[in-house]
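Here's the structure, in structure tokens; my notes come after.
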Amino acid sequence: MEKTVQNRVTNVENAVYEVANELLKAYNQGTFSVGGLLMDLEGNVLYKQHNNVITDNLIHDPTAHGERQMVDWYFENKATLSLPEPENIILVTSLDPCVMCTGSILQAGFARVIVSALDSHAGINYDMSATFPALSGTAMQLEAQQRFAYPKVHSSTKMFERKATSADISCSFKADTTIDEQAYASTSITLSATLGTTIVSALDTHAGINYDMSTTPPALPGTAMQLEAQQRSTYPKVHSPTKMFEREATGADISCFFKAGTTIDEQTYALTSIAFSATLDTISKKINTDLPEDQLKNPTCLSKDNPIYTALKEVYPQALEYTAPHPNQPDAGLAPYLITAAKEDLLNGGEGNAVAFLDCFGNLIMCSPGNQNLSEIQTPFILATRKYAALRYSLQLANTPDASYYLGHPKYGTFIYAKSLELNPQGVVDLGAFGSTMGGKIPTDREQFQFAVSRVEQCKLDAFTDGLPPLYSSKDFVNIRLKQVQSHKLIKALKAGLPD
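The structure is reproduced here in structure tokens:
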């Protein structure tokens, strides 16, 4: 993680400009183009981070959204870095927080959340009303209304920097002959995503006359046009009052925090919006390239010296010791593993809960406690899905033979809580993290998300998940359904053995 950042912002535009720089890093990395920062009430930037779901062109961590990472960083470093209390912290993000990140932010209790671009698919303000119907029936709805702000609607990274080439334009532009990096990035990213080609420094290597980036137009050899193009075409070194992106401020008031200005410049806003939406389909495809279920292999057939087997045991020593009698339907045999992890969760600052993950064959892959002593949002589910993703990532990065065959996409498996989540910020974190883990439409012939001991009426769980943004609630996407296990013996064993 990045160290504490030593710089200062004085208005909303400055702050959003900073997070736009972070999203450029995410774009360059090939992951979702989202960035954010944490600042104190004096404008001192404490930490900056961007999306890290994809690293090395592989799924690294489906929960590594910028906001979730920033909240974890805050909890993990609050004491050692003497960070301000949460009510004296402002989080700024380039994109409307998803459900997981919303839960993380509400758990942290930050003073304000400044949002640039909207997200009608997964954002908590998906209907753009700033009333947050996805949180209806809970105290979280009012809290979000009081904290989340959508302000009324200029770089330091050098990732889009280039030298001026071809014809001189200084005689025409006495004041300045450079293009602002963020404005340039908007044009480059938009064109790249729209055409599906490789764009380097806003050039078009597919159909552009300067396709080889030499500014010599080799496509015009032996003609007067070649010299004319060299003399007339220019590629300036790397501010639009069009009103196309204009919007009124909605959500919480921020005027008391930003005396110098509470609006976002149009081009800065456009970059935060376009960079995400223009690359969304491409990145979404990257997280849905796993093998189909009928090609997966049972890891219980692995030899004990196989690197996949060894890695499984390193992450969770009890891996593969239990197999459900029917895939997706655990019985009382799972109880001892959940109880052991729940006791560890209690020692780690949790409430004595645990989450198990079974693969599509019903094998126990891992059983995870949380670690809320380290961070209040490190729930058992969050750590379970992060551990499984990290296991797959490390093996795939090392080109371990058959890793993808033995460790399939989690949508084919089952996550089982010892005790159901609750409809509070941490529960919202888990619901959102499950959606991010699934990533899209999932098989409907099984229940991938289960619990044993109930703490919330099923009808209330169903009503809440039905009201979530489209990614989580639509039948065309994840369509979250959190259901109780079928085994009464498993429920009974956990009620008797779980710590109070």
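Quick note on numbering: full-length UniProt numbering labels position 406 of the sequence shown as 406, and the sequence is numbered without any gaps.
The beta-carbon is built from N, C-alpha and C at its ideal position, and this holds for glycine as well.
- Taking C-alpha positions only, residue 94 is separated from residue 246 by approximately 16 Å.
- The beta-carbon separation of residue 99 and residue 149, rounded to 19 Å, does not stay under the 8 Å limit for a contact.
- For the pair residue 272 and residue 116, the CB atoms are nearer than the 8 Å cut-off.
- Look at residue 367 here: in three-state DSSP terms it is strand.
- Look at the beta carbons and you see the region 58–65 not touching the region 301–315: under three pairs across the two are nearer than 8 Å.
- For residue 16, the enclosing alpha helix (DSSP H) stretches over residues 12–29.
- Contact between residue 419 and residue 346 is absent: CB atoms are separated by about 12 Å, not below the 8 Å threshold.
- Excluding the 5 residues flanking it on each side, residue 258 has same chain C-beta neighbours closer than 7 Å at 11, 12, in chain order.
- The alpha-carbon separation between residue 371 and residue 383 amounts to approximately 8 Å.
- Within the region 250–319, complete alpha helix (DSSP H) segments of at least 4 residues are found at 266–286, 307–315, given in chain order.
- Here the alpha carbons of residue 267 and residue 42 stand approximately 25 Å from one another.
- C-alpha of residue 64 to C-alpha of residue 51: approximately 6 Å in a straight line.
- According to DSSP, residue pairing for residue 39 in a beta bridge involves 45, 90.
- The alpha-carbon of residue 488 is positioned some 42 Å away from that of residue 32.
- The way I'd put it, the region 355–375 does touch the region 383–400; three or more beta-carbon pairs between them come closer than 8 Å.
- In the DSSP assignment, residue 114 falls within the beta strand (DSSP E) that extends over 112–117.
- Under the three-state reduction of DSSP, residue 7 is assigned to strand.
- Going by DSSP, residue 458 is part of no beta strand (DSSP E) but of the alpha helix (DSSP H) stretching over 458–466.
- Nearest Cα to residue 377 within the set 49, 76, 28, 38: 76.
- When only Cα atoms are considered, residue 9 and residue 265 end up about 15 Å apart.
- With fewer than 16 other Cβ atoms inside 10 Å of its own Cβ, residue 255 counts as exposed.
- Taking the CA atoms as reference points, residue 476 sits about 27 Å from residue 356.
- Taken in chain order, the complete alpha helix (DSSP H) segments of 4 residues or longer contained in the region 419–453 are 425–438.
- By the beta-carbon neighbour count (other beta carbons within 10 angstroms, threshold 16), residue 469 is buried.
- Looking at the DSSP output, residue 356 shares a beta bridge with 367, 416.
- Contact annotation, residue 87 with residue 111: C-beta distance approximately 5 Å; criterion of less than 8 Å satisfied.
- The continuous alpha helix (DSSP H) containing residue 75 extends over residues 66–77.
- The DSSP-derived three-state label of residue 332 is helix.
- Under DSSP, no beta-bridge partner is assigned to residue 337.
- Contact between the region 448–465 and the region 420–427 is established, with three or more Cβ pairs separated by less than 8 Å.
- Rounded to whole angstroms, residue 350 and residue 102 show a C-alpha spacing of 20 Å.
- In the structure shown, residue 81 adopts coil according to DSSP, grouped into three states.
- According to DSSP, residue pairing for residue 55 in a beta bridge involves 58.
- Scanning its chain for C-beta atoms nearer than 7 Å, with the 5 sequence neighbours on each side dropped, one finds around residue 360 the residues 293, 296, 327, 408, 412, 413, in chain order.
- Under the DSSP definition of a beta bridge, residue 483 partners with 450.
- Note that the C-beta distance between residue 394 and residue 291 is not below 8 Å.
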